[in-house]
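Contents: one structure, followed by commentary.
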Amino acid sequence: MKYSRLFGKTIKESPREAGNISTKLLIQGGFIRESVAGRYYFLPLGMRVHDKIMQIIEKEMDAAGAQKMITPTLHPLELWQETNRTSSAGFELMKVKDRRGAEFALGGTAEEMIVDLVRKFNLSYRDLPFTIYQFSQKFRDELRARGGLLRVREFMMKDAYSFHRDEVDFKKEYENMWQTYLRIFKQLGLNALVAESDNGYIGGEYCHEFIVESEVGESRVFATEDGSYVAHEDVAVSCHDIMNPDESIKEMEIKEAPRGPTIQDGVDLYKQPAWRQIKSVLYKTDQGKFVLVALRGDLEINEVKLCHVLGCLSLEGATEDEIRSLGSEPGFISPLKLKIKKVGDFSLKTVRNFYTGADIFQKDALNVNYGRDFTVDKEADIALVKLGQKTKDGKIFVEKLGIEVGNIFQLGKHYSSRMHATFTQEGGKETFYYMGCYGIGVGRTLATIVEKYHDERGIIWPKVIAPFMVHLITLSGKTSEIQANIQANAQVVYEQMQAEQIDILWDDRHEVSAGEKFADADLIGIPLRLVISERTLQDHAIEWKERSQKETHMIPVADLKESLHLFISHL
RNA sequence: CGGGCUGUAGCGCAGAUGGUAGCGCGCAUCGUUCGGGACGAUGAGGUCGCGGGUUCAAAUCCCGCCAGCCCGACCA
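Right, here's the structure in full:
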């Protein structure tokens, strides 16, 4: 490819604060361009990288035994109604109507479509197991698309679905996909953490996220130093220390409490640590029911866990008026008197003589003890892990931020039972499929690679996904004779590489200065830069510079072919 | 959905107290340059986000809407 023919240009001035470095470099380098918030064009340069990432994924998925196919983009809305996901995933489901009024969802994930397809076939146990996958544009009506490719409203996703006779068989594939994903990310130059995580609106019982550490990531995980435990903050479980086991239990008393409504206000008033306080929060579930949630004052509520405990999809905090109408007072809520459903965190058992509000404005209850002074309807783990806490086996947690580039889900019979998708067992019994699903976001993975592989001048693409392997630069000569000579030499190199199927980009622009060409080469980040100029010609050499290295050196033209093969073989 | 900020040439921006729009980059043409984003000259390019109002006069003041960016959407 000649640069002068390439559609898409580098930009000297960086686009308005792009949020993160990968977006800035990708736009500046002419890889992508924004259409509207959260929707991007991939330009020819970006498309090449995108394609290469897809090829690596495809190769590994095929090697793992999965079969590629494609589903329609528009999903009949009835299918989503079968699984009741029009409401559960409705907040981010895009809908369209055709002229007859038939409603469709723009696919954001394809479990329903795939199950609908599979159930049309009346399969038997002899046909199982199998894994099918696709690459397709996914649509998510995100409330807020964040700058860049990391959180978008439309993106290419590889999604795979596996069908099994039972859990034992499924687990083999889950492990197979786990290992396949690790191979894929490794090839892409990414070191992915595998974290236990929440399945959100997908359904099922357990799942894992593949997370690449990065400070621009939105996923927070808690892990142990040795990596024996890695879990997304939504699901991470910690063990709570017993705080004051030797203290004697005292009589409860109600006292005037001239304080504000926050935990800190209580700490300031009593000069007692936050863990001595009971944090009580009133929630309203999506079914309109009120729930009181109580936990130790130094801990935070994990709403994902809480939703699972309550069996609801979303929660909102009760308003001040609602709190008063239930018989309490904002800032002084306690689990002592309210006659509504109460959920208590296990941490309530770790403290003797709590203090807490008394459901009356500026009155507190002191020396409150769980079991004696109040009980809850349900004890559960509903706390967010706090740094410094330990795992069940006593290991310290460390916190990591990262980008979720892929995930694998156990779906079990969640979809097959709701959609009555069955196969025939040995002996003729109809049984629901046991399923799993597995996703990788291509654009997000691409951006993640840029987040990891760049310097102050631009991108440094790993060879396997670089848009081109070689960036040939020709500089102008003083005389037209030299000029013609440079041109002729470059032409030979260019054709030779094309003949050997080495992707080469030749910056053949005449009117552009050397500095600009070098700056563009650094920005675009092609692994190997070759320069042919008056200077190199005198020595019958070519200048060789790898994007990842600082030094340049001259190699004889005659050695180019061999050096290049050596370079490429070290992928 | 709440809060803050922004919207002027393809991009980045400037336009005080209202007087009819400018700079840099980029683009085009010519010349000089030619190994780290060169220089000179000339030129093209704008219903100042959209709608309404005030005014002799609005990019500028007022109202409404739209779009974008950032933060939050969580504890009482």
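With the first letter of the first sequence counted as 1, position 393 gets the number 393 in the UniProt record's numbering; the numbers rise by one all the way through.
Beta carbons: idealized from backbone N, C-alpha and C, even for Gly.
Practice task
Note down the Cα distance separating L537 from I486, rounded to an integer number of angstroms.
Solution key: Counting from one through the first sequence, the residue named residue 537 turns up at place 537. Counting from one through the first sequence, the residue named residue 486 turns up at place 486. Whole-angstrom Cα-Cα distance: 7 Å.
Problem - Cβ distance (whole Å) where L190 is taken to contact K452 below 8 Å - result: Working through the first sequence from its first residue, we reach residue 190 at position 190. Working through the first sequence from its first residue, we reach residue 452 at position 452. About 7 Å separates the Cβ atoms of L190 and K452, confirming a contact at the 8 Å cut-off.
Practice task
Would you be able to state if there are at least three C-beta pairs under 8 Å between the region 218-232 and the region 425-444?
Solution key: No, because fewer than three Cβ pairs between the region 425-444 and the region 218-232 fall closer than 8 Å, the two stretches do not touch.
Practice task
Over the uninterrupted alpha helix (DSSP H) stretch that includes H50, give me the two end residues.
Solution key: Taking the first residue of the first sequence as 1, we reach residue 50 at position 50. DSSP places H50 inside the alpha helix (DSSP H), whose first and last residues are 44-63.
Handout entry: Counterpart residues of Q137 in DSSP-defined beta bridges
Key = Here the question's residue 137 lines up with position 137 in the first sequence. In DSSP, Q137 forms a bridge with M156.
Practice task
For G90, I'd like the list of residues in its chain whose CB is within less than 6 Å of its CB, leaving aside the five on either flank, ordered along the chain.
Solution key: Counting from 1 along the first sequence, the entry for residue 90 is found at position 90. Only weak support exists for where G90 lies, its pLDDT of 49 falling under 50; the value from the coordinates is given anyway. Excluding sequence neighbours, G90 sits near nothing in its chain.
Problem - Three-state secondary structure assigned by DSSP to W178 - result: Numbered from its first residue, the first sequence carries residue 178 at position 178. Helix, per DSSP.
Exercise for the section: Compute the Euclidean distance between the alpha carbons of T131 and Y181, then round it to the nearest angstrom. Expected result: Within the first sequence, numbered from 1, the residue matching residue 131 stands at position 131. Within the first sequence, numbered from 1, the residue matching residue 181 stands at position 181. Computed Cα separation, rounded: 14 Å.
Exercise for the section: Answer with buried or exposed for Y41, where buried requires no fewer than 16 other C-beta atoms within 10 angstroms of its C-beta. Expected result: Residue numbering aside, residue 41 sits at position 41 when the first sequence is read from its first letter. With a threshold of 16 other beta carbon atoms within 10 Å, Y41 falls short and is exposed.
Exercise for the section: Measuring alpha carbon to alpha carbon, tell me which of P76, D141, N84, G29 ends up nearest I39. Expected result: For this step, residue 39 is matched to residue 39 along the first sequence. Note on residue identity: the sequence assigns Arg, not Ile, to residue 39. Closest in alpha carbon position to R39, among P76, D141, N84, G29, is D141.
Practice task
Could you please give me the residues that DSSP links to C437 through a beta bridge?
Solution key: As a working note, residue 437 is residue 437 in the first sequence. Partner(s): Y161, F409.
Handout entry: Sufficient close CB pairs (3 or more, under 8 Å) joining the region 395-413 to the region 198-212
Key = Flag = yes, the region 395-413 and the region 198-212 touch.
Handout entry: G90, DSSP secondary structure in three states
Key = As a first step, residue 90 must be located in the first sequence, where it is residue number 90. Here the model assigns G90 a pLDDT of 49, short of 50, so the residue's position is not dependable, and the following value carries that caveat. Reduced to three states, the DSSP call for G90 is helix.
Handout entry: Segment contact flag, the region 77-85 with the region 52-69, C-beta cutoff 8 Å, min 3 pairs
Key = Counting C-beta pairs with one atom in each stretch, the region 77-85 and the region 52-69 have fewer than three that are closer than 8 Å, which means they do not touch.
Problem - Reduced DSSP category for S334 - H, G, I as helix; E, B as strand; rest coil - result: Position 334 of the first sequence, counted from the start, is the residue given in the question as residue 334. The answer is coil: DSSP assigns S334 none of H, G, I, E or B.
Problem - DSSP state of residue 572 mapped onto helix, strand, coil - result: Absent from the structure is residue 572, since the part of the chain shown begins at 1 and ends at 571.
Handout entry: Same chain only: Cβ atoms within 6 Å of D298, ignoring 5 sequence neighbours per side
Key = By 1-based counting over the first sequence, the position of residue 298 is 298. Answer for D298: A274, W275, listed in chain order.
Exercise for the section: Could you spell out the range, first to last residue, of the beta strand (DSSP E) harbouring W275? Expected result: Here the question's residue 275 lines up with position 275 in the first sequence. Here W275 belongs to no beta strand (DSSP E), and DSSP marks it neither H nor E.
Problem - Whether P129 touches F163 by CB criterion (8 Å) - result: Residue mapping note: residue 129 aligns to position 129 of the first sequence, counting from 1. Residue mapping note: residue 163 aligns to position 163 of the first sequence, counting from 1. For P129 and F163, yes; Cβs fall inside 8 Å.
Practice task
To the nearest angstrom, report how far apart K250 and K341 are at their CA atoms.
Solution key: One-based indexing of the first sequence puts residue 250 at position 250. One-based indexing of the first sequence puts residue 341 at position 341. Cα to Cα, K250 sits roughly 27 Å from K341.
Handout entry: Nearest neighbour of D286, chosen from A318, M243, I301 [CA to CA]
Key = Reading the first sequence from its first residue, position 286 is the one you call residue 286. Per the Cα distances, A318.
Practice task
Could you check if N20 is buried or exposed, using at least 16 other CB atoms within 10 Å of its CB as the buried criterion?
Solution key: Counting from 1 along the first sequence, the entry for residue 20 is found at position 20. In this structure N20 is buried. Its beta-carbon is surrounded by 16 or more other beta-carbon atoms within 10 angstroms.
Practice task
For the beta strand (DSSP E) containing W544, list its first residue and its last residue.
Solution key: Counting from one through the first sequence, the residue named residue 544 turns up at place 544. Counting along the chain, the beta strand (DSSP E) containing W544 begins and ends at 541-546.
Exercise for the section: Give the DSSP-derived three-state secondary structure of V557 in the structure shown. Expected result: Taking the first residue of the first sequence as position 1, residue 557 is located at position 557. In the structure shown, V557 adopts helical secondary structure according to DSSP, grouped into three states.
Practice task
From the DSSP output, in three-state form, read off H510 for me.
Solution key: Looking up residue 510 in the first sequence gives position 510. Judged by DSSP in its simplified three-state form, H510 adopts coil rather than helix or strand.
Problem - Contacting residues, own chain, Cβ-Cβ under 6 Å from I242 (five flanking each side not counted) - result: Residue mapping note: residue 242 aligns to position 242 of the first sequence, counting from 1. Within the same chain, I242 has close Cβ partners T350.
Handout entry: Residue range of the alpha helix (DSSP H) that includes T109
Key = As a working note, residue 109 is residue 109 in the first sequence. Segment: none, T109 is in no alpha helix (DSSP H) and carries neither H nor E.
Practice task
Assign K2 to one of two classes, buried (16 or more other C-beta atoms within 10 Å of its C-beta) or exposed (fewer than that).
Solution key: Translated into the one-based positions of the first sequence, residue 2 becomes position 2. Within a 10 Å sphere around the beta-carbon of K2 sit fewer than 16 other beta-carbons, which makes this residue exposed.
Problem - Stretch-stretch touch, CB-based, cutoff 8 Å, three pairs: the region 350-369 with the region 381-389 - result: Under the 8 Å Cβ criterion, the region 350-369 does not count as touching the region 381-389, having fewer than three qualifying pairs.
Exercise for the section: Counting only the same chain and skipping the five closest in sequence on each side, list residues whose C-beta sits under 8 Å from that of S548. Expected result: Working through the first sequence from its first residue, we reach residue 548 at position 548. If we look at S548 and ignore the five residues flanking it on each side, its Cβ neighbours are I460, P527.
Handout entry: DSSP three-state assignment for E404, whether helix, strand or coil
Key = In the first sequence, the residue the question calls residue 404 occupies position 404. Strand, per DSSP.
Handout entry: Proximal residues to E300 (C-beta, below 6 Å), its chain only, five neighbours per side dropped
Key = Here the question's residue 300 lines up with position 300 in the first sequence. Within the same chain, E300 has close Cβ partners L384.
Exercise for the section: Alpha carbon to alpha carbon, how far is W544 from V470? Give it in angstroms, no decimals. Expected result: Numbered from its first residue, the first sequence carries residue 470 at position 470. Numbered from its first residue, the first sequence carries residue 544 at position 544. Whole-angstrom Cα-Cα distance: 10 Å.
Problem - Cα-Cα separation, V493 to V557 - result: Numbered from its first residue, the first sequence carries residue 493 at position 493. Numbered from its first residue, the first sequence carries residue 557 at position 557. Each residue's Cα considered, the two are about 9 Å apart.
Practice task
List the endpoints of the continuous beta strand (DSSP E) containing T424.
Solution key: Translated into positions along the first sequence, residue 424 becomes position 424. Counting along the chain, the unbroken beta strand (DSSP E) around T424 starts and ends at 422-424.
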